[in-house]
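Asks:
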Amino acid sequence: LRRGLSLRVDAEVCRRLVQPSCVFRGASPTTAFQAVQSYGHSLGEVLIMHVGYNDTADGYAQGIGRVLRAARSQGVERVVWLTLHETKLSYRRTNDAIERAAKSWPQLVIADWSAHSRDEKWFRRDGVHLNYAGTSALASFLRAELLEAVQRAS
Numbered sequence: 004l005r006r007g008l009s010l011r012v013d014a015e016v017c018r019r020l021v022q023p024s025c026v027f028r029g030a031s032p033t034t035a036f037q038a039v040q041s042y043g044h045s046l047g048e049v050l051i052m053h054v055g056y057n058d059t060a061d062g063y064a065q066g067i068g069r070v071l072r073a074a075r076s077q078g079v080e081r082v083v084w085l086t087l088h089e090t091k092l093s094y095r096r097t098n099d100a101i102e103r104a105a106k107s108w109p110q111l112v113i114a115d116w117s118a119h120s121r122d123e124k125w126f127r128r129d130g131v132h133l134n135y136a137g138t139s140a141l142a143s144f145l146r147a148e149l150l151e152a153v154q155r156a157s
C-alpha cells in the first residue's frame, strides 16, 4: 500500500463516523470526524474513509457532510469513500447514504468495496473482519483507488 507514497494510516477498532465510538478493551477511539479535525492541514490532498460498520445508518448521511466539510477546510481536495461489504441491511442503507452524498459533493469519489469484495472469501465468519487474503486484497484495492484519486487531484 505505501510503496512510493507518503501515507498516514489511522485505523481504529470500533471507530464510528461522528457518533461516539464504541468501547473496545476499555477504550473508545476518536471518531473519524474528530480524527480529520485533529490532523489539520497535514491531511494532504487525498483522504480515504473506510468507516461505518459500527455506525447506525440513520445518522450516517448527516455525518458524511460533517466529515467532508472538515476535510475541505483542512485542504483536502479529494475524499475516497469506501462502501461497506454488505452483509446486513444497515450496511446497504449506509452505502445508499454514501452514494447520495457523492451526488452533492463533487470531491467525493466512491470506491466500491462492496462490489469488489462481493462473493470473495476474504472475510471471517462475521462477514466484516478480514482474513489474511482479505487484508491483502483491501490493500491492493486501496492503492489503486488512491493512485487514481491523486492523479485526479493533481
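Be aware that the sequence shown starts at 4, since it is given in our numbering, and climbs by one per residue.
All C-beta atoms, glycine included, are put in the ideal place defined by N, C-alpha and C.
Starting from W84, trace the beta strand (DSSP E) both ways and give me its first and last residue.
Replies: Run containing W84: R81 to L85, per the beta strand (DSSP E) assignment.
Asks: Counting only runs of 3+ residues fully inside the region 19 to 93, write out the beta strand (DSSP E) ranges in chain order.
Replies: List check, beta strand (DSSP E) in window: 49 to 52 and 81 to 85.
Asks: Determine whether the beta carbon atoms of S24 and S31 lie at a separation below 7 Å.
Replies: Against a cut-off of 7 Å, the Cβ pair of S31 and S24 comes out as a contact.
Asks: Tell me whether the beta-carbon of R11 lies closer than 7 Å to the beta-carbon of T34.
Replies: Cβ atoms of R11 and T34: not closer than 7 Å.
Asks: Tell me the DSSP secondary structure of L111 in three-state form.
Replies: DSSP places L111 in strand when its eight states are reduced to three.
Asks: Do you know offhand how far S143's Cα is from V39's?
Replies: Their Cα atoms are separated by approximately 23 Å.
Asks: Let me check one thing: in DSSP terms, what residues is L133 bridge-paired to?
Replies: Looking at the DSSP assignment, L133 forms a beta bridge with F126.
Asks: Measuring straight from C-alpha to C-alpha, what distance separates G68 and T97?
Replies: If you take the alpha carbons of G68 and T97, they lie about 13 Å apart.
Asks: Rank G47, M52, V26 and E148 by C-alpha distance to the C-alpha of E14 and give the top, closest one.
Replies: Reading off the sequence, residue 14 comes out as Ala, not Glu. When only C-alpha atoms are compared, the closest one is M52.
Asks: What are the boundary residues of the alpha helix (DSSP H) that A118 is part of?
Replies: Note, A118: alpha helix (DSSP H), W116 to S120.
Asks: Using beta-carbon positions only, say whether L85 and A114 come within less than 7 Å of one another.
Replies: Contact: yes.
Asks: Near V26, which residues of its chain fall below 8 Å by C-beta distance, leaving aside the five closest residues on each side in sequence?
Replies: Contacts found: C17.
Asks: Determine the closest residue to V153 out of V83, Q65 and G43, with distance taken between C-alpha atoms.
Replies: V153 has its Cα closest to that of V83, out of V83, Q65 and G43.
Asks: Determine the contact status of L50 and W108, defining contact as a CB-CB distance below 7 Å.
Replies: Contact: no.
Asks: Please state the DSSP three-state secondary structure of L8.
Replies: In this structure, L8 counts as coil in the three-state DSSP scheme.
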